[in-house]
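Counting the sequence shown from 1 gives a position; this note's numbering is that position plus 1221. C-beta: ideal position from N, C-alpha, C; glycine also. Note that the coordinates shown come from a computational prediction; the quantities given were computed from them, not determined experimentally.
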Amino acid sequence: MPFPTVWGLPEGTSRSTLLQLRRDIVDVVANTMGVKPTIVRPFFPEDLAGDPDKGQDNTIFVQLITGMFHGVGNPEAERRATYAIACVVWKAFDGKYEVEAFIGDLDNQSKTLIHPKV
């Protein structure tokens, strides 16, 4: 499952912008990676300290957490995925912020998944 996590969104980002950004991220990840949209889960953690102080970095970071690229050795597919995600976030804020997207690997050998009770 791909989990795009967007760090460093501006404090005043409206709920409507977040909801549209979520839809756009789900679409671009599903299309770029060839997966069902239902397995893409974007997260938008809040920075409890608020926006950076003046003069500090104003970069929005997007970490794509997924095991789908682990051990595959396909840097072009990884680049397409991170580029597509970065473009969606950059456009959502009219290019006012730098956006960096990168992949965090979920190694299948080191994860645990516990299903809910039926």
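With 16 or more other Cβ atoms from the protein chains shown falling within 10 Å of its own Cβ, P1263 counts as buried. In the displayed model, P1263 falls within coil according to three-state DSSP, outside both helix and strand.
Per the coordinates, the alpha-carbon of P1231 lies some 12 Å from the alpha-carbon of L1269. Excluding the 5 residues flanking it on each side, V1247 has same chain C-beta neighbours closer than 8 Å at P1258, V1261, P1263, in chain order. Distance from the CA of L1239 to the CA of K1312, rounded to the nearest whole angstrom, comes to 13 Å.
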